[in-house]
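All remarks here apply to the structure that follows.
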Amino acid sequence: MRIDLHTHSTVSDGTESPAVLIKAARDAALDVIALTDHDSTAGWADAAEAARKHGVALIPGMEVSCRTDTGISVHVLSYLHDPSHPGLVAQIQRSRDARLSRAERMVERLGADYPITWADVQEHIAEGATVGRPHIADSLVTLGIVANRSEAFTHILTAASPYWVGHYAPHPAQAVELIRAAGGVAVFAHPVASARGRIVGDDVIGQMIDAGLQGLEVDHRDNPEPGRQELRRIAARHGLLMTGSSDYHGEGKPNRLGENLTDPSVLDQIEALASGTLSVR
Ligand code: AMP
Ligand code: ZN
Ligand code: FE
Ligand code: FE
Numbered sequence: 004m005r006i007d008l009h010t011h012s013t014v015s016d017g018t019e020s021p022a023v024l025i026k027a028a029r030d031a032a033l034d035v036i037a038l039t040d041h042d043s044t045a046g047w048a049d050a051a052e053a054a055r056k057h058g059v060a061l062i063p064g065m066e067v068s069c070r071t072d073t074g075i076s077v078h079v080l081s082y083l084h085d086p087s088h089p090g091l092v093a094q095i096q097r098s099r100d101a102r103l104s105r106a107e108r109m110v111e112r113l114g115a116d117y118p119i120t121w122a123d124v125q126e127h128i129a130e131g132a133t134v135g136r137p138h139i140a141d142s143l144v145t146l147g148i149v150a151n152r153s154e155a156f157t158h159i160l161t162a163a164s165p166y167w168v169g170h171y172a173p174h175p176a177q178a179v180e181l182i183r184a185a186g187g188v189a190v191f192a193h194p195v196a197s198a199r200g201r202i203v204g205d206d207v208i209g210q211m212i213d214a215g216l217q218g219l220e221v222d223h224r225d226n227p228e229p230g231r232q233e234l235r236r237i238a239a240r241h242g243l244l245m246t247g248s249s250d251y252h253g254e255g256k257p258n259r260l261g262e263n264l265t266d267p268s269v270l271d272q273i274e275a276l277a278s279g280t281l282s283v284r
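For the sequence shown, my numbering gives the first residue as 4, with consecutive numbering after it.
Structure representation (structure tokens):
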């Protein structure tokens, strides 16, 4: 069984539609894929239809944007939650709105040094998609300013850049509580991905565990090995599940489907713990 529990489509900042993504999952010989777009479940229906057509099992999911009190960006994966839970829906809507105005402000700042306009960026955002820096990156590529998304993220779009603007997002412990309230399973995404920015310490992980965190995404290309060992220790100490995933974004990132996998017994536990929605098989 090949199980990949973290992927993105054009519903957020991936480059393939949910249907194309599912077909790519079949071509990558995956048996199970989770669709986890940022702050949105808008791709679930199309993904489910494609999953049935291509004989791939689908775990409907989402990656919830969060921010700690000290401004550290944290992502929490939610699996099999109720997509209409009012509290969770209100929270992700707030983040999506904040992401949009934040992106507009970043483009305004970029406009001082580069010939980029909001209209350029909009060309790269699918209707209703959750907006992120990758969409700005795509526009920088089209304008010939950088060669690809990765290059845009080395300087121009990092948190250390003068063009950087932050955005509202809930505290990770609050996100975990909402995911649980919606019947979902909450897994801390790439917890030690230090190359992306500051990572949280034991204090925040403790708050997330107290709020009901159920798993840690250990096998992810952005987690360095020493950090993974620490994550395995934390998981053992607190009885947390351990997942492995690609965080595939289509052509937007080097991450390939199935490059990290989750053990079938872990997926069984995720499905047993969830009560918000059913997997598609
Ligand atoms: P944002 O949501 O605006 O904070 O942007 C973060 C998103 O950008 C994440 O989903 C990452 O997958 C993506 N990202 C981060 N670093 C890179 C990179 N080097 N190349 C391509 N995408 C990246
Ligand atoms: Zn992303
Ligand atoms: Fe993430
Ligand atoms: Fe992701």
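Note that the Cβ used here is the ideal one computed from N, Cα and C, for glycine as well. Nothing here was measured: the structure is a model prediction, and the numbers come from that model.
Closest by C-alpha distance to residue i, when choosing among the options
i: residue 223; options: 240, 215, 182, 262; result: 262
i: residue 105; options: 136, 37, 61; result: 136
i: residue 62; options: 48, 93, 233, 8; result: 8
i: residue 186; options: 275, 76, 60; result: 275
i: residue 167; options: 150, 242, 108; result: 108
i: residue 6; options: 176, 282, 283, 267; result: 267
i: residue 170; options: 97, 138, 48, 247; result: 97
i: residue 67; options: 259, 177, 36, 208; result: 177
i: residue 231; options: 212, 259, 197; result: 197
i: residue 21; options: 35, 53, 4, 34; result: 53
i: residue 160; options: 82, 273, 113, 150; result: 113
i: residue 145; options: 134, 162, 123, 132; result: 123
i: residue 130; options: 77, 264, 45; result: 45
i: residue 194; options: 143, 16, 79; result: 79
C-alpha distance - residue i paired with residue j, whole-angstrom precision
i: residue 190; j: residue 148; result: 36 Å
i: residue 73; j: residue 204; result: 11 Å
i: residue 32; j: residue 245; result: 22 Å
i: residue 256; j: residue 153; result: 7 Å
i: residue 118; j: residue 141; result: 14 Å
i: residue 200; j: residue 51; result: 34 Å
i: residue 221; j: residue 165; result: 32 Å
i: residue 30; j: residue 99; result: 32 Å
i: residue 48; j: residue 282; result: 12 Å
i: residue 14; j: residue 103; result: 14 Å
i: residue 11; j: residue 206; result: 29 Å
i: residue 209; j: residue 87; result: 28 Å
i: residue 59; j: residue 23; result: 12 Å
i: residue 90; j: residue 279; result: 13 Å
i: residue 181; j: residue 215; result: 10 Å
i: residue 27; j: residue 38; result: 12 Å
i: residue 134; j: residue 238; result: 32 Å
i: residue 76; j: residue 125; result: 24 Å
i: residue 233; j: residue 120; result: 44 Å
i: residue 34; j: residue 4; result: 6 Å
Simplified DSSP state of residue i, which is helix, strand or coil
i: residue 247; result: strand
i: residue 153; result: helix
i: residue 262; result: coil
i: residue 138; result: helix
i: residue 14; result: coil
i: residue 19; result: coil
i: residue 25; result: helix
i: residue 273; result: helix
Neighbour-count burial assignment, residue i, 16 or more Cβ in a 10 Å radius
i: residue 40; result: buried
i: residue 42; result: buried
i: residue 250; result: buried
i: residue 93; result: exposed
i: residue 217; result: buried
i: residue 138; result: buried
i: residue 253; result: buried
i: residue 236; result: exposed
i: residue 259; result: exposed
i: residue 285; result: As shown, the chain starts at 4 and ends at 284. That puts residue 285 outside it, with no answer to give.
Enumerate, from N- to C-terminal direction, the unbroken alpha helix (DSSP H) stretches of 4 or more residues contained entirely within the region 33-120.
47-57, 89-113
Quick one: complete beta strand (DSSP E) runs, 3+ long, within the region 156-243?
188-191, 218-222
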